[in-house]
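Take a look at the structure below.
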Amino acid sequence: MSARGARLGKMKETAAEVTELQGLLDAAYARSTEHLRNIITDPRRLDAGELVRVLTGMCTLNLATVTARGEPRISAVDGHFLHGRWVFTTSGSAAKARQLKARSAASISYVDGERIGVFSHGQVEFLTAEHPDFAEIEEHLTNHYGSSPSSWGDDIVYCRLQPSWMVGYAFDKTAVLKDT
């Protein structure tokens, strides 16, 4: 058993992490606009347990950052949902990495057509080898890709979004959950 505690099935999240994620989802939904709540109705809203079931493996994420002049920028990253947080790597020399180092606020979306959508806002933290969660993230990514992202270049950075707002949507929840 890891230091994070008992795991739920094949998911990485502990029961406490799922509970924390559910609190975040509920609070975000409660302060969302009427427009969003008209689209993401209760029958289409994914709860924390459902999100951790469907967000396995690599998800191509849309990552939005902001330039020094306040201009939005969007790019794609390979993302992994681990312990209720999005994790991704990139080159430290990439524009997105420079922008996030200067301004850590970011938005991330994962959209698979009308099937599923997950939208998150928060602060990106950079994880170094000294961070207590780094080894587990490195192991997960190495198992997924067959090599360590650290071996892909001289300046690979590991990032994790600490979300302050998140909602999950599935047009047909029954079909999405049947696949998990």
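Residue 1 is where the sequence shown starts when you use UniProt numbering, and the numbers rise one by one after that.
No residue lacks a Cβ here, since even glycine has one placed at the ideal position from N, Cα and C.
Since the model is a prediction, treat every value here as computed from it, not as a measurement.
Legend entry - C-beta contact flag for residue 87 and residue 160 at 8 Å: Note that the C-beta distance between residue 87 and residue 160 is below 8 Å.
Legend entry - Whole-angstrom distance between residue 15 and residue 76, CA atom to CA atom: Rounded to the nearest angstrom, the two C-alpha atoms are 30 Å apart.
Legend entry - Extent of the continuous alpha helix (DSSP H) run through residue 171: No alpha helix (DSSP H) holds residue 171; DSSP gives it neither H nor E.
Legend entry - Exposure of residue 171, with buried meaning 16 or more beta-carbon neighbours within 10 Å: Counting Cβ neighbours within 10 Å, residue 171 comes out exposed, since fewer than 16 surround it.
Inset, instruction - Kindly give me the distance between the Cβ atoms of residue 100 and residue 79, rounded to whole angstroms, as I take these residues to be in contact under 8 Å. - result: Contact doesn't hold; Cβ gap of about 14 Å is too wide.
Inset, instruction - Assess, as a yes-or-no matter, whether the region 24–35 is touched by the region 88–108 under the definition of 3 or more beta carbon pairs within less than 8 Å. - result: Judged by Cβ distances under 8 Å, the region 88–108 makes no contact with the region 24–35, as fewer than three pairs qualify.
Legend entry - residue 151 versus residue 73 - alpha carbon distance: Rounded to whole angstroms, residue 151 to residue 73 spans 27 Å at the Cα level.
Inset, instruction - Run through the region 7–74 for me and flag every whole alpha helix (DSSP H) of 4 or more residues, listed as ranges in chain order. - result: Counting whole runs of 4 or more residues, the region 7–74 contains the alpha helix (DSSP H) stretches 15–30, 34–39 and 48–54.
Legend entry - Collapsed DSSP secondary structure at residue 94 in the structure displayed: The three-state reading of DSSP puts residue 94 in coil, since its state is none of H, G, I, E or B.
Inset, instruction - Note down the Cα distance separating residue 106 from residue 119, rounded to an integer number of angstroms. - result: Each residue's alpha carbon lies about 11 Å from the other.
Legend entry - Of the listed residues 129, 177, 175 and 174, nearest to residue 156 (C-alpha basis): Comparing alpha-carbon positions, the option among 129, 177, 175 and 174 lying closest to residue 156 turns out to be 129.
Legend entry - The alpha helix (DSSP H) enclosing residue 144, as first and last residue numbers: DSSP places residue 144 in the uninterrupted alpha helix (DSSP H) bounded by 134–145.
Legend entry - C-alpha gap between residue 90 and residue 46, whole angstroms: The alpha-carbon atoms of residue 90 and residue 46 are separated by roughly 28 Å.
Inset, instruction - May I have the straight-line CA-CA distance separating residue 141 from residue 147, to the nearest angstrom? - result: It is roughly 8 Å from the alpha-carbon of residue 141 to the alpha-carbon of residue 147.
Legend entry - Alpha-carbon spacing of residue 32 relative to residue 133, whole angstroms: Roughly 31 Å between the two C-alpha positions.
Inset, instruction - Under 8 Å Cβ to Cβ from residue 43, same chain only, skipping five residues before and after it: list those, please. - result: Hits under 8 Å: 173.
Legend entry - residue 48, buried or exposed, once every other Cβ within 10 Å from all chains shown has been counted against 16: When all chains shown are included, residue 48 counts as buried.
Legend entry - Status (buried if at least 16 other CB within 10 Å, exposed otherwise) for residue 41: Classification for residue 41: exposed.
Legend entry - With 16 other Cβ atoms within 10 Å as the buried cut-off, status of residue 57: It counts as exposed.
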